[in-house]
Amino acid sequence: MTARSQNDRVVPPSGAPATLTSFTAGAMTFLAVFALALALASGRLAERWASALDRTATIRISAPDDQIAMQTKAVLDILATTPGIESSRAQTPDEQRKLLEPWFGPDLPLTDLPLPQLIEVIEATEGYDSEGLKQRLSAEAPGAVLDDHTRWRKPMAEAASRLRLLGYLSILLIGAAMAAMITLAANAALSANAQVIKVLRLVGAKDSYIARAFVRRFTLRAAAGSAVGALAGTIGVALLPAQDAAGGFLTGLGFTGAGWLLPFLLPLLAGGVAFAATRQAAFTTLRRLT
Amino acid sequence: MLPQIRATGVAFTVISFENAAYSYGGGELLSDISLRLAPGSFHFLTGPSGSGKSTFLKLCYAELAPTAGSLTLFDRDVRSLSRDDVALTRRRIGVVHQDCQFLDHLPLAANVALPLTVAGRTSAPSDLSDLLGWVGLGQLAEAKPPSLSGGERQRAALARAIIMGPDVILADEPTGNLDWEMSLRLLTLLVELNRMGKTILVATHDLNLIRQAKPQLAARVLRISKRRIQLAGADL
Chain A
166 MTARSQNDRV VPPSGAPATL TSFTAGAMTF LAVFALALAL ASGRLAERWA
216 SALDRTATIR ISAPDDQIAM QTKAVLDILA TTPGIESSRA QTPDEQRKLL
266 EPWFGPDLPL TDLPLPQLIE VIEATEGYDS EGLKQRLSAE APGAVLDDHT
316 RWRKPMAEAA SRLRLLGYLS ILLIGAAMAA MITLAANAAL SANAQVIKVL
366 RLVGAKDSYI ARAFVRRFTL RAAAGSAVGA LAGTIGVALL PAQDAAGGFL
416 TGLGFTGAGW LLPFLLPLLA GGVAFAATRQ AAFTTLRRLT
Chain B
1174 MLPQIRATGV AFTVISFENA AYSYGGGELL SDISLRLAPG SFHFLTGPSG
1224 SGKSTFLKLC YAELAPTAGS LTLFDRDVRS LSRDDVALTR RRIGVVHQDC
1274 QFLDHLPLAA NVALPLTVAG RTSAPSDLSD LLGWVGLGQL AEAKPPSLSG
1324 GERQRAALAR AIIMGPDVIL ADEPTGNLDW EMSLRLLTLL VELNRMGKTI
1374 LVATHDLNLI RQAKPQLAAR VLRISKRRIQ LAGADL
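Residue numbers (the working numbering), protein chains in the order written: chain A, 166 to 455; chain B, 1174 to 1409.
Structure follows, in structure tokens:
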């Protein structure tokens, strides 16, 4: 028998408190996996929205039917000669129908609606002078309005960033709740073993020796419970529907690439939390009991 | 008068009280105690129930600290000891209680070896077996403490108290739960330990036990009376 296992044996099996620790760590880690998935998905979303919209703009032309074609040509000509514009093109009626399809269905009679003509603009790396472009458009195509997406891109990116922050905050709260539960369980185990602790102190055991037996037990219990929770949570995330355009954000709530390994860092964190919480509880209780 | 009890030719003391007192919340239980126990000495401590014998022993193994005066264990002031120092000091002091406690989930042999285990030391199985044989428990090495009789528990506690080779052995009413024959057997073990050079302090109200010990060794008797400790040799 090794010295370590001998040391562990001096403390009797902890029963319910240790089981509670395993269960708590497992449940909390299960929740933490989802919070982590939410945080990572939000982060990806924020980046995607920011990068997708960052270099694009839309020009909307609202004009009487007989002037639409003329103003569209004028706008495309202006864009072709504007520094900082990489490319531009007018959307076809089919493309506009597809944009509206989610709201009005596939059988939309597009010709019956007074829809504006949309022109997609991709800017070059160096960017363009949006104020100068707006002035030229108002002079040569009065029905054209430049939308550089800033108005709605910023709040969306901010919302995604805050969602990511919320995810990480959730993980912190879950960790704190787990620490509190494990502390309570460790205190219960220590109090239940008050007599054992007195005997150990009587025969010359240092606080660190006694604490180690409890800390090791609860740390291993928490890490094991957390590993089960991490596995279950990861399977749960994997079983979520695959990402598609129609599902939007909810179907993108998963891990990508090496991100699938991140949940398995949670048992290490749980073990660390249990170690710190039990050690603190052990030394406090030892000073109180003996 | 300060009762100084010294072993012949030994200059230092293992336990020394100087005008020490101990008070609980309500009042003073022990007052003005000045006493030095030299290595190799054997003392009985008597006094009526509630007189403070157990409290005095707790002071001797640093479970309590005096509320006034000073107490030194192995020439170190008890108040200056950290919790780790107290643990290390207790490895030099074996304690036997009347209601001796064990770790009930461990077999007797592991309980007896507990001081070694917590100190990170091991004993040869033959040494442990010899020790258990010496206290008459050789056949019970694997028994769990709850299955032991009162006498067996006392002897097991004595074996646990001495396995580290302590300098001092403190026994608090060690024969309180034992019949006369078992009490004499335990006394014989304590006398043997004293002959090996151990300092022994036995708190007991059993004057017959003290009288029985008198022909075997030069024991001194201390008596707690009116919160103070006095020499009570004449009681023998």
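Where a beta carbon is used, it is the ideal one built from N, C-alpha and C, also for glycine.
At the C-beta level, GLY1324(B) and LEU1351(B) come within 7 Å of one another. Any Cβ of chain A closer than 7 Å to the Cβ of LEU1276(B) would place that residue at the interface, and such an atom is present. Here ILE1335(B) carries a helix assignment [DSSP, helix/strand/coil]. In this structure, the CA atom of PRO1347(B) is about 13 Å from the CA atom of ALA1332(B).
For GLN282(A), the secondary structure class from DSSP, reduced to helix, strand or coil, is strand.
Using a Cβ-Cβ cut-off of 8 Å, PRO1288(B) is close to VAL368 and GLY369 of chain A, given in chain order. By the beta-carbon neighbour count (other beta carbons within 10 angstroms, threshold 16), TYR1197(B) is exposed.
The continuous alpha helix (DSSP H) containing TYR374(A) extends over residues 372 to 403. Proximity of VAL1341(B) to chain A, defined by a Cβ-Cβ separation below 7 Å, is not satisfied. Within the region 1178 to 1243 of chain B, complete alpha helix (DSSP H) segments of at least 4 residues are found at 1226 to 1233, given in chain order. Think of a sphere of 7 Å around the beta carbon of LEU365(A): the chain B residues whose beta carbon falls inside it are VAL1291, in chain order. Comparing alpha-carbon positions, the option among LEU405(A), VAL368(A), LEU431(A) and GLY424(A) lying closest to ASP1258(B) turns out to be VAL368(A). A contact between stretches requires three or more CB pairs, one per stretch, nearer than 8 Å, and the region 1333 to 1341 of chain B meets this requirement with the region 1370 to 1379 of chain B. No Cβ of chain B is located within less than 7 Å of the beta carbon of PRO182(A). The C-alpha of VAL1285(B) is placed about 13 Å away from the C-alpha of SER1299(B). For ASP1257(B), the residues of chain A that pass the 9 Å Cβ criterion are LYS371, ASP372 and SER373, in the order they occur in the chain.
Between ALA325(A) and SER207(A), the C-beta gap is smaller than 7 Å, which places the two residues in contact. By the C-beta density criterion, TRP214(A) is buried, having at least 16 other C-beta atoms within 10 angstroms.
DSSP, read as helix, strand or coil, puts LEU1254(B) in coil. In terms of CA proximity to PRO279(A), GLN232(A) leads the group PRO271(A), GLN232(A) and VAL286(A). One finds nothing in chain A with a Cβ atom closer than 9 Å to the Cβ of VAL1364(B); even the nearest lies about 23 Å away. GLY1267(B) is bridged by DSSP to ILE1342(B).
The count of Cβ pairs closer than 8 Å, one atom from the region 1235 to 1245 of chain B and one from the region 328 to 336 of chain A, stays below three, leaving the stretches out of contact.
For ASP272(A), there is no enclosing alpha helix (DSSP H), as DSSP gives it neither H nor E.
For PHE379(A) against LEU355(A), the beta-carbon gap comes to about 6 Å, under 8 Å, which counts as contact. The alpha-carbon of THR257(A) is positioned some 15 Å away from that of GLN236(A). Residues of the same chain with a CB within less than 8 Å of the CB of LYS299(A), apart from the 5 flanking positions on each side, are LEU311 in chain order. Taking a beta-carbon distance threshold of 7 Å, ALA1260(B) counts as an interface residue toward chain A. Judged by DSSP secondary structure, LEU311(A) falls within the beta strand (DSSP E) whose first and last residues are 309 to 312.
With fewer than 16 other beta carbons inside 10 angstroms of its own, PRO274(A) counts as exposed.
If you draw a straight line from the Cα of LYS1226(B) to the Cα of GLN1389(B), it is about 24 Å long. Within chain B, no residue has its beta carbon less than 9 Å from that of GLN445(A); the closest one is some 16 Å off. GLN236(A): member of the alpha helix (DSSP H) spanning 230 to 245, first to last residue. In the three-state DSSP reduction, GLN1403(B) falls in the strand class (E or B). DSSP lists HIS1216(B) as the bridge partner or partners of ARG1393(B). In the DSSP assignment, GLU288(A) forms a beta bridge with ILE250(A).
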